[in-house]
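Report on the structure given below.
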Amino acid sequence: MEIILSNIPTFLLATYRKRQPVNSWLYLGKNYNVVERIQGIWGPQAQEIDYARELYRISDERRDGFVGWIDKISFTNGAKREWLFSAPAIKNPYSSDLFLNVVYFFVLKNFIDAGKKIDLVVVDSSALARSLREAFPADIRLSPYQGILALRQAMGLSLRSVGRYGKSAYGFFRKRLWMAVVLKNRAQKILKASPNNIFIRNYVTGIYSEKADDISERHFFPGLNEFLKENNYQPVYLPFTVNVPCYKKLFQNVLKSKKIIIFPEEFLKAKDYWAALFAPFKALSCKLKTLPFGQYNFDALIKEDYYSNITEYAYLYAGLLSSFGRRLKEAGCALTGFINWAENQAMEKGLLSGLKEHFPGFKLIAAQPFLVPPNHLSFSMTKQDKILNLTPEKVLVTGPIRKESAAKYVPGLNVEYSPPFRYNNIFEFKDSSNTSNNIVILFGYSLSNAVYTLRTLIKFLDQLKGFDQVFLKVHPMGYFDAQKLKASFGQPLPENFKFVEDDVEKLAGQVSLGICGATGASMELVAKGIPVVCIAERYWLTMNYLVYREDPDLWELCFSEEEIISAVKRLQRIRSERPQDLKIRIEFFQSAFFAPSRKELWDNLLPDVRVRAYQQT
């Protein structure tokens, strides 16, 4: 079989079948447009190999080994922040393709071992092409265009890196400028006023307000501000900003807030920004030590992922935030505890590593009052967190299932239950015998995943005509809105397709079925008595939030249009014919994913020392 890069020009791709027969082909990449381009050129005569189910299976099979491998590389490199803040070390699948490419590697390996006939393999990654050729020289040859296409790809990545660097630098400057104009020098005075400061790391958007329906109010730690005050602590929100078109308006709203909200940048100096912007150049000169993955050398894959992302915003911001601890110490401020909305992103690790260096005695609580799919690797604490002293004193999770899985990679990790926060009403079971004839489609963070889900649904549009309304809901923290999704989709939607902004709890009373992409709201629907059809990714890592409890009467993961149609009909029938049996299953599901709300769970958010705050002297 021959391997070619997906950036091949269309005219060259069109000549491929003239040069040699291509009866079957495989695409190892995540760009749906590549597939459409190939199908448009070659038509149905060339069969595409469907490997979605194998992709899902191998991601499950290789996940633990991959996490352990990255940990070993981290310990081999020591406390090099160039590596520890990098995309491959963080393992966030939305920014790092390393795990995905490793899974692709073993997908093709299994096909080779099974003797499957594949004429052409199209890949996004030139490093993956080289790794496959090196591992299987007798079975794989590189395209004669490989050299020029790899050079073209490298030039494209370089230009993209320069563009991201400039965009990040401009974003840093714009944000800091409006802080100076609107917020002025208020932060030090606020923190010095109390010795019992507890930082709460969450998010705010550009439309921040203190209304009950604001995402920062209802999604991130509702009720925590009042609880900490009742226990004689000063809660100080230390948010990351997302989706902010106008910083001036955001900061003006922050000044009006009854909560104490500060931003790390309020303490930073010009030299901290210069150091952060110089980080990519340090990363280029950093000598990384790599290790084989079993018997295979993935050095090229690691370095491609590393160097492709050293101007990513999260990487630069991590370096910037690592200076916050030093500036906070210089200002003479106190820090008792830190409650982190723990996604273990580079930005968090930068922020916390600086604080741990200069305030080593504060109590770090990693709060995860949200659901976690196994393939979202960055959400899991791992052994490498010990290198920068980032292992939390306590991890708080939603229920028994997460309590078991949270300590999977760090045996002995202290894991307790979190208050339910936004899931407080999860045990209010909706009547599964309601006669609503609507369906809701829930999209996740990723625009590409949302477009893929929508395209898949349109393919069996006739099967959805039996529903009165098809509600479409984008993720409230996603990087796209309904307008951008419609533009990316590129064709008009049927009249009964309607975008909605209602929360999942409200929607659960209006629908009889849910179809979900990569979103934890799938669990909320099931817990409210709404069966769910989960659409597996065809080319990417499937984010299955329900995998911890198999139950064919409540949910099904589907890998094809035919499976989706069958599941929709089957789950609708079960819901209408056996509502009482379904209720028992749902109660079991609820108790597995969520601990019952109890007042004492709130005490898990308090630091151990409750009288004297720790202050570095």
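Numbering (our numbering), first residue to last: 2 to 618. No residue lacks a Cβ here, since even glycine has one placed at the ideal position from N, Cα and C.
Mind checking who residue i pairs with in its DSSP beta bridge?
i    : result
Q369 : V398
S258 : DSSP output for S258 lists no bridge partner at all.
R202 : N341
T242 : V205
F500 : L473
E417 : L397
K364 : G338
R142 : E3
V533 : G515 and W556
V636 : Since the first residue shown for the chain is 2 and the last is 618, residue 636 is missing from the structure and cannot be characterised.
With DSSP as the reference, label residue i as helix, strand or coil.
i    : result
L542 : coil
K212 : coil
E49  : strand
Q235 : strand
K474 : strand
S25  : strand
V512 : coil
Y446 : coil
V183 : helix
G157 : helix
Y297 : strand
V527 : helix
L121 : strand
F228 : helix
K304 : helix
R61  : The sequence given here places Asp at residue 61; Arg does not occur at that position. Three-state DSSP puts D61 in a helix.
S598 : coil
L583 : helix
L322 : helix
R550 : coil
D482 : coil
F174 : helix
I263 : coil
I565 : helix
Return yes when the C-beta of residue i is under 8 Å from any heavy atom of the ligand ZN, and no when it is not.
i    : result
E601 : You won't find the ligand ZN in this model; it holds no ligand whatsoever.
Around the C-beta of residue i, are 16 or more other C-beta atoms found within 10 angstroms, so that it is buried, or is it exposed?
i    : result
L356 : buried
Q369 : buried
N203 : buried
T399 : buried
R611 : Its pLDDT being 41, under 50, R611 is placed unreliably in this model, and the value from its coordinates should be taken loosely. That one is exposed.
K330 : buried
R599 : exposed
E211 : exposed
N438 : exposed
V247 : The sequence shown places Cys at residue 247, not Val. Its Cβ having fewer than 16 others within 10 Å, C247 is exposed.
A596 : buried
Y480 : exposed
D273 : buried
N345 : buried
G521 : buried
T77  : exposed
L606 : buried
How close, in whole Å, do the beta carbons of residue i and residue j come, if the pair is a contact with beta carbons under 8 Å?
i    : j    : result
S126 : E305 : 6 Å
T269 : L321 : According to the sequence provided, residue 269 is Leu. The question's Thr does not apply to it. Their Cβ separation, rounded to whole angstroms, is 7 Å, which keeps L269 and L321 in contact under 8 Å.
I199 : Q235 : 7 Å
S25  : K168 : The Cβ separation is near 41 Å, so there is no contact.
F444 : A528 : F444 to A528, Cβ: 19 Å. No contact.
V416 : V441 : At roughly 32 Å, the Cβ-Cβ gap does not stay under 8 Å, so V416 and V441 are not in contact.
P608 : T392 : No, P608 and T392 are not in contact; Cβ-Cβ is about 16 Å, not under 8 Å.
V183 : K249 : 6 Å
I201 : L225 : 6 Å
S309 : Y95  : With 8 Å as the limit, S309 and Y95 do not qualify as a contact, their Cβ atoms being about 14 Å apart.
V123 : G30  : 7 Å
Can the beta-carbon of residue i be found less than 9 Å from the beta-carbon of residue j?
i    : j    : result
K384 : D72  : yes
R576 : L514 : yes
L6   : Q147 : yes
S523 : Y546 : yes
L143 : E313 : no
S132 : L542 : no
S379 : S406 : no
V1   : L414 : With the chain represented from 2 up to 618, any question about residue 1 goes unanswered, as that position is not in the structure.
V23  : D120 : yes
V103 : L56  : no
I311 : A280 : yes
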